[in-house]
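**Q**
Number of protein chains: 2
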Amino acid sequence: MFTKVLVAEDYEIANQGIIKILSDKIGIHNIQEAKYCDDAYLKFRKAHNEKEPFELLITDLSFREDHKIQTRASGIELIEDIRSIQPDIKVIVYSQENRPDKINMLFDKLHINGYVCKGPDAVKKLIANVGGVYQNNTMRPPEITNNTAVSTMIHLDDLDMLLLEELSHGFTKKEIRTKLIKQKISPNSESSIDKRVSKLFDNFKAKNTTHLVAIVKDLGLL
Amino acid sequence: MFTKVLVAEDYEIANQGIIKILSDKIGIHNIQEAKYCDDAYLKFRKAHNEKEPFELLITDLSFREDHKIQTRASGIELIEDIRSIQPDIKVIVYSQENRPDKINMLFDKLHINGYVCKGPDAVKKLIANVGGVYQNNTMRPPEITNNTAVSTMIHLDDLDMLLLEELSHGFTKKEIRTKLIKQKISPNSESSIDKRVSKLFDNFKAKNTTHLVAIVKDLGLL
DNA sequence: GCCCATATTACAGAAATCTGTAAGGACATA
DNA sequence: TATGTCCTTACAGATTTCTGTAATATGGGC
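Here the protein sequences line up with chains A and B, keeping their order.
Per the working numbering, residue 1 is the first one in the first sequence, and the count goes up by one each step.
Per the working numbering, residue 1001 is the first one in the second sequence, and the count goes up by one each step.
1. Once DSSP output is grouped into helix, strand and coil, what is the label at Glu33 of chain A?
2. What does DSSP give as the partner residue(s) for Ala1122 of chain B in the beta ladder?
3. Closer than 7 Å, Cβ to any Cβ of chain A: which residues of the stretch 1194-1217 of chain B, in chain order?
4. Rounded to the nearest angstrom, what separates Ile1176 of chain B and Glu1166 of chain B at their Cα positions?
5. Taking the CB atoms as reference points, tell me whether Gly119 of chain A and Gly1017 of chain B lie closer together than 8 Å.
6. How is Lys1184 of chain B classed by DSSP in three states: helix, strand or coil?
7. Alpha helix (DSSP H) containing Lys224 of chain A: first to last residue?
8. Using a C-beta to C-beta distance shorter than 8 Å, which residues of chain A count as neighbours of Ser1168 of chain B?
9. At the 8 Å Cβ level, is Asn1147 of chain B part of the contact set with chain A, yes or no?
10. As a quick exercise: from B:Ser1023, B:Val1093, B:Ile1013, B:Lys1025, pick the residue whose alpha carbon is nearest that of Lys25 of chain A.
11. How about Glu55 of chain A: is its C-beta nearer than 8 Å to some C-beta of chain B?
12. Could you name the residues that DSSP lists as bridge partners for Ser95 of chain A?
13. Do Glu9 of chain A and Thr59 of chain A have their CB atoms nearer than 8 Å?
14. In whole angstroms, what is the alpha-carbon distance linking Asn1030 of chain B and Leu1110 of chain B?
15. Can you list the residues of chain B that Asn98 of chain A reaches, using a CB-CB cut of under 7 Å?
16. Are the C-beta of Glu1223 of chain B and some C-beta of chain A separated by less than 8 Å?
17. Along the stretch 12-42 of chain A, what residues have a CB closer than 9 Å to any CB found in chain B?
18. Please report the residue range of the alpha helix (DSSP H) in which Leu159 of chain A lies.
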């Protein structure tokens, strides 16, 4: 089993909970904790330099911003930075995030080894993840593999995203039209915008613009 | 200091984190945990019947519903039931809830003794709360009087939330109106719904319904 | 009872949305 | 060149949204 683990999580209660699980249930005792991304990075660097590197990183994605000035704002940057130095370190993300495409992105782009969603059964999942990752498995949660179809099948080009963005900011199609003209983006007729948005309605099975934006927000595309 | 404490919290990682804090930082070792309201109630009853009652209850408000059938759905009912048997037990609520009026209600109606909002500094707050409550203080968080954040200032009642919910699902105001009538909820005129939503526009500085739903989604209220 | 503030409701008109049809242009293929 | 497809655009009409005004109802304090 892993012998040296780094836990990065700003909510100290969760932080301590993870440590207790690792210690009591899995028998890992050499654990360091960090409440800030930068802090985690420094501890990682120190261990790496001293040739006693961490074998596993368990990290949250979002870290609250506060007085301390942080160069790294999110767990994603932390993972990238750490992996660039020690590519073989195992990474398990522990986060509130439950949007399938975001989670898939973590596996596909960052090649994380496991994912645990915060929730009542997180303990069971965490234990399973640590065990699985130790055996070199990629612990992609089963819920998301089935569900990826909807959002990943639909191809959204730049204009689609721009429209969704502007609509979610409350601009009317007339306003969006003038913006498009100003930015010399074509097509830019109201009619074309209507057609585009109507197609998005079909794709996402939305009843109207408000519904569409709500769906897209839930999917994490916005 | 307290010698016997009951922790009710369905997220086991948070659960374990609290126990670790109480044990390591405060020196309380006689701690029992419960992941369900009913379970917490049974443990409380047992201790009370055996004349070795708990002195402090630390509980979450919301408990995930799952397969187990629970007679108590929320921490509020748990507190009421426990207080009806042992009125002098101290209660600290540990919850995600950050709406001032909800938190104030807990102090005013349920007479809880302390409140800790889940967050990065929850550990410090929890330690302070336990200490303060032990000295018979009511630990009402200072933030809720001189509130800063936008979302916490705005009071959203059940109808507001229902409207936001329905709008985000793409229903027209006419449809929502008929739903309200069917559920015998009043007010239910289109005009009233318009007024309500217009007020939400003001509160959240939204330009239209789509914008409003996007803002509320971003704030995590929906 | 009366007054007052607030909430509900009806109504109306301007603006925006949504859904069609139809015409013209771009582009690839035969 | 001719043909078909896809995309853009214009336009029109029905529906919905949004914003007013005004009448009525509700509830609390005097």
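Using N, Cα and C, we set each Cβ at its ideal position, and we do this for glycine too.
This one's a predicted model, so the numbers in the text were calculated from it and none came from an experiment.
**A** Let me lay it out:
1. strand
2. According to DSSP, Ala1122 of chain B bridges with nothing at all.
3. Ala1206, Lys1207, Asn1208, Thr1209, Thr1210, His1211, Val1213, Ala1214, Lys1217
4. 7 Å
5. no
6. coil
7. Past the boundaries of the shown model lies residue 224 of chain A; chain A is included only from 1 to 222, so the question cannot be answered.
8. Thr210, His211, Ala214
9. Since pLDDT at Asn1147 of chain B reaches only 36, below the 50 mark, its modelled position is unreliable, and the value read off the structure follows with that caveat. Chain A contact via Cβ: absent.
10. B:Ile1013
11. no
12. A:Cys117
13. yes
14. 25 Å
15. Chain B residues near Asn98 of chain A: none, gap ~12 Å exceeds 7 Å.
16. This structure does not reach residue 1223 of chain B, given that chain B is present from 1001 up to 1222, and the question cannot be answered.
17. Glu12, Ile13, Ala14, Asn15, Gln16, Gly17, Ile18, Ile19, Lys20, Ile21, Asp24, Lys35
18. 158-168
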